[in-house]
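J.: Residues 4 to 230 in my numbering are what the sequence shown spells out, letter by letter.
Beta carbons are placed, not taken as given, at the ideal position from N, Cα and C, and that holds for glycine.
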Amino acid sequence: MSEPHSEQPEQTPDEVFATAVLFETALAVAAITLGWALGPSAREMMPEWNVEDLKPIYTGLWQGTLAALPMLISIELIRRIPWGPIQELEKLSDDQMIGALVRLRVPELLVISLCAGVGEELLFRGWLMGWLRDGLNDFGLPYDATWAAVIISSLVFGFFHPITKIYIVLAGLMGFYFGCLLIWTENLLVPIVAHAVYDALQFLITKRQVEKKEQASSCVEQLGADT
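1) Measure the CB-CB distance between A29 and G122 and report whether it falls below 9 Å.
2) Given M132, which residues of its chain have a CB within under 8 Å of its CB, disregarding the five upstream and five downstream residues?
3) Is the segment 163-173 touching the segment 135-146, taking contact as three or more C-beta pairs under 8 Å?
4) Three-state secondary structure (DSSP) at T28?
5) Reducing DSSP to helix, strand and coil, say where W52 ends up.
6) Would you mind sorting I115 into buried or exposed? The rule is 16 or more other CB atoms within 10 Å of its CB.
7) So, using beta-carbon positions, are G63 and L192 closer together than 9 Å?
8) What is the DSSP secondary structure of Q14, reduced to helix, strand or coil?
9) Which first and last residues belong to the alpha helix (DSSP H) in which I166 is found?
10) Can you tell me whether L104 is buried or exposed? The criterion is at least 16 other CB atoms within 10 Å of its CB, across all chains shown.
11) Please state whether the Cβ-Cβ distance between L125 and A31 is less than 9 Å.
12) Quick one, which of V196, Q66, R128 and I208 has its alpha-carbon nearest A33's?
13) Go through the segment 107-158 residue by residue and report every complete run of the alpha helix (DSSP H) that reaches 4 residues or more, in order.
14) Can you give me the Cβ contacts of I76 inside the same chain, cut-off strictly under 8 Å, excluding the 5 residues immediately before and after it?
15) Between P50 and N190, how many whole angstroms is the CB-CB distance? I'm expecting something under 8 Å.
16) Exposed or buried, which one is G56 when buried takes at least 16 other CB atoms within 10 Å?
17) Please work out which residues of its chain come closer than 8 Å, Cβ to Cβ, to E6, disregarding the five sequence neighbours upstream and downstream, and give them in chain order.
Right, here's the structure in full:
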């Protein structure tokens, strides 16, 4: 039996990459399985591949890409707020798992971002949101339960990212945004792409910040050694 305060062995880059990809892929499998067993199917919200009419696909791609920009701008503005819990977001790269992720190669980060966009959106927007909507409507509510389903699924999505309290809140707000995108476009590809693009750019930004911090620290240590 290990000691209560013993540190977990650090994963190799290959293990970190494999763990992240397998985890996000498992979410996609769970979404498809739950849709098959309980309904509704997340696949119904995805555009069909039709070589004679690719408009729903490329529309979803460019709409999703543009939809990532408001999130990136909003997060950048939020990070400038001089409030303790917000400033804690700047230290997330010190977290063992996040620190290991941003040290992966750029292509690996892009693959993980794509897997996260597909897996998490299939599960939370493609299946959970629809399942909650249908279940609440079955109770005979006097109003359509779509927005209640959006809110509840967003809360679940937020608590699915328990890194810090403020991170849970921000993730929940992003989940609400993704839900609104799905309602507006009726195309699950839009929130999938928006999620993947946002994650990819945030990974790259954080990776660059970590590298600059390490370079600055290395320079200071070198100067100290030379004096």
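T.: Reading off the structure:
1) yes
2) A152, V153, S156, G182 and L185
3) no
4) helix
5) coil
6) buried
7) yes
8) coil
9) No alpha helix (DSSP H) contains I166, which DSSP labels as neither H nor E.
10) buried
11) yes
12) R128
13) 109-124 and 133-140
14) none
15) 6 Å
16) This sequence places Asp at residue 56; Gly is not what is there. Its Cβ having fewer than 16 others within 10 Å, D56 is exposed.
17) Confidence at E6 is low in this model, with a pLDDT of 41, below 50, so its placement is unreliable and the value that follows should be read with caution. So no residue of the chain qualifies.
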